[in-house]
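Numbers in the numbering used here are just positions in the sequence shown, counted from 1, shifted up by 153.
Every residue, glycine too, gets a C-beta built ideally from N, C-alpha and C.
Owing to the predicted nature of the structure, the values given are computational and were not obtained by experimental measurement.
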Amino acid sequence: MKPSFWQLGLRSLWRDLRSGELRLLIVAVTLAVAALTAVGFFADRLQGGLQRDARQLLGGDVVLSTDKATPQAIVDKAAALGLQSTTTVSFPTMARAPDDKGGASRLVALKVVPEGYPLRGSLTVAPSFDAPGETTRAVPAPGEAWVDPALLESLGLQVGDPLLLGDARFTITRVIRIEPDRGGGFANFSPRVMFNAADLDSTALVQPASRLTYRFAVAGAEQPVRQFSDWVGQVVEKGEARGTRLETLESGRSDIRQTLDR
Numbered sequence: 154m155k156p157s158f159w160q161l162g163l164r165s166l167w168r169d170l171r172s173g174e175l176r177l178l179i180v181a182v183t184l185a186v187a188a189l190t191a192v193g194f195f196a197d198r199l200q201g202g203l204q205r206d207a208r209q210l211l212g213g214d215v216v217l218s219t220d221k222a223t224p225q226a227i228v229d230k231a232a233a234l235g236l237q238s239t240t241t242v243s244f245p246t247m248a249r250a251p252d253d254k255g256g257a258s259r260l261v262a263l264k265v266v267p268e269g270y271p272l273r274g275s276l277t278v279a280p281s282f283d284a285p286g287e288t289t290r291a292v293p294a295p296g297e298a299w300v301d302p303a304l305l306e307s308l309g310l311q312v313g314d315p316l317l318l319g320d321a322r323f324t325i326t327r328v329i330r331i332e333p334d335r336g337g338g339f340a341n342f343s344p345r346v347m348f349n350a351a352d353l354d355s356t357a358l359v360q361p362a363s364r365l366t367y368r369f370a371v372a373g374a375e376q377p378v379r380q381f382s383d384w385v386g387q388v389v390e391k392g393e394a395r396g397t398r399l400e401t402l403e404s405g406r407s408d409i410r411q412t413l414d415r
């Protein structure tokens, strides 16, 4: 009686096992599967890290950039979805040193920040021009200004000196080393000056002709953030929020898209 197909297969398998060839094949397949699994795990971790970095560059999970105060309906929608939110105001203006410090002036990129800024990432600041930077989640206290080192050089000032902005007088308390969401727009080429939102009115800098940029940032769980983004996208498409630009990880600034595309 001739051996069956299965018997022949088992004999061949046993022969291969004894010769060691099948064991080598099993080891090779196991290593290949392990390598593919490791590559997939690494790719997922890398993508997660890139998205985290991109959110820091954006300043939140979703950001609305407008040339006027964010519509209240949008602010209310974010709150209803349980999202954290902050609003920063940026515009160019002149900063001056006091007369007893030389009285020099310089065009600066002013940024007014509230408590809770930034929602993603952190600032890096230093207590003096030459000191190393330290990360912080704090913002300037009322009456304080944080500045780029280039401004100190331009005006001949140092930490602890006063800085004049509009009608208000601030004390320079920190040097800005890293501002994660600064971006590369033309307005940001000038040295940065940052102060607390509570001080804006006292400066009298906001006038009818002022070129303001409001950035309303939100952060939270993935699902409510997506709901908010979709809802705002529809509002913008309908023309109900003129002058509003929606920035997300997918449609945000070019530097963020390039980071994710890599």
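task: State the DSSP-derived secondary structure class of Gln237, mapped to helix, strand or coil.
output: Locating residue 237 in the sequence shown gives position 84, counting from the first residue. Here Gln237 sits in strand by DSSP.
message: Using a 10 Å radius around the Cβ and a threshold of 16 neighbouring Cβ atoms, would you call Arg364 buried or exposed?
response: As a first step, residue 364 must be located in the sequence shown, where it is residue number 211. Under this definition Arg364 is an exposed residue.
Rounded straight-line distance, which links the Cα of Phe323 to that of Gly313: For this step, residue 313 is matched to residue 160 along the sequence shown. For this step, residue 323 is matched to residue 170 along the sequence shown. One C-alpha to the other measures close to 10 Å.
- request: Taking only the alpha-carbon atoms, compute the straight-line gap between Asn349 and Lys264 and give it to the nearest angstrom.
  value: Counting from one through the sequence shown, the residue named residue 349 turns up at place 196. Counting from one through the sequence shown, the residue named residue 264 turns up at place 111. Taking C-alpha positions only, Asn349 is separated from Lys264 by approximately 9 Å.
task: Determine the extent of the beta strand (DSSP E) in which Thr223 is found, giving its start and end residues.
output: Taking the first residue of the sequence shown as position 1, residue 223 is located at position 70. No beta strand (DSSP E) holds Thr223; DSSP gives it neither H nor E.
message: Assuming Leu318 is part of the beta strand (DSSP E), what are its boundary residues?
response: Looking up residue 318 in the sequence shown gives position 165. Unbroken beta strand (DSSP E) run through Leu318: 315-318.
message: For Gly373 and Asp214, which I take to be in contact (beta-carbon distance under 8 Å), what is that distance rounded to the nearest angstrom?
response: As a working mapping, residue 373 is identified with position 220 in the sequence shown. As a working mapping, residue 214 is identified with position 61 in the sequence shown. About 7 Å separates the CB atoms of Gly373 and Asp214; that is less than 8 Å, so the two are in contact.
task: Just mark Phe478 as buried or exposed, buried being the case when its beta carbon has 16 or more other beta carbons within 10 Å.
output: Because the chain is modelled from 154 through 415, residue 478 falls outside the range shown and cannot be assessed.
message: So, at 6 Å on beta carbons, what are the nonlocal neighbours of Asp220 in its own chain, with the 5 sequence-adjacent residues on each side left out?
response: Against the sequence shown, residue 220 aligns to sequence position 67. The residues are Gly396.
- prompt: Below 8 Å between beta carbons: does that hold for Ala294 and Ile325?
  reply: Counted from its first residue, the sequence shown places residue 294 at position 141. Counted from its first residue, the sequence shown places residue 325 at position 172. No, they are not a contact pair.
- request: Just confirm the distance between the C-beta atoms of Ser382 and Thr401, as a whole number of angstroms; I'd bet it's less than 8 Å.
  value: Position 229 of the sequence shown holds residue 382. Position 248 of the sequence shown holds residue 401. Indeed, because the Cβ distance is near 6 Å, the residues count as touching under 8 Å.
- prompt: Could you give the residue range of the alpha helix (DSSP H) that holds Ser307?
  reply: Taking the sequence shown and counting its residues from 1, one reaches residue 307 at position 154. First-last of the alpha helix (DSSP H) with Ser307: 302-308.
- request: Given a cut-off of 8 Å, decide if Arg330 and Val388 are closer than it, judged by their beta-carbon atoms.
  value: Looking up residue 388 in the sequence shown gives position 235. Looking up residue 330 in the sequence shown gives position 177. In this structure, Arg330 does not lie closer than 8 Å to Val388 by Cβ.
- prompt: For Gly235, which option in Ala222, Val371, Leu184, Gly296 has the closest C-alpha, if you only look at C-alpha atoms?
  reply: As a working mapping, residue 235 is identified with position 82 in the sequence shown. The residue with the shortest Cα to Cα distance from Gly235 is Val371.
- prompt: If you count every other CB in all the chains shown that lies within 10 Å of the CB of Met347, and 16 or more means buried, which is it?
  reply: Within the sequence shown, residue 347 is the residue found at index 194, counting from 1. The residue is buried, with at least 16 neighbouring Cβ atoms inside 10 Å.
query: Secondary structure at Arg379, three-state DSSP: helix, strand or coil?
result: Translated into the one-based positions of the sequence shown, residue 379 becomes position 226. Helix, per DSSP.
message: With a threshold of 6 Å on Cβ separation, who are the neighbours of Ser238 within its own chain once the five nearest residues in sequence on each side are excluded?
response: Taking the first residue of the sequence shown as 1, we reach residue 238 at position 85. Excluding positions up to five away in sequence, the list reads Ala231, Val371.
task: Please state if the CB of Val266 and the CB of Val445 are separated by a distance shorter than 8 Å.
output: Since the displayed the chain opens at 154 and closes at 415, residue 445 lies outside it and no answer follows.
- prompt: In angstroms, rounded to a whole number, what distance separates the CA positions of Gln376 and Thr241?
  reply: Counted from its first residue, the sequence shown places residue 376 at position 223. Counted from its first residue, the sequence shown places residue 241 at position 88. The alpha-carbon atoms of Gln376 and Thr241 are separated by roughly 24 Å.
- prompt: Do the CB positions of Gly212 and Pro271 come within less than 8 Å of each other?
  reply: Position 59 of the sequence shown, counted from the first residue, corresponds to residue 212. Position 118 of the sequence shown, counted from the first residue, corresponds to residue 271. In contact: Gly212 and Pro271 (Cβ atoms closer than 8 Å).
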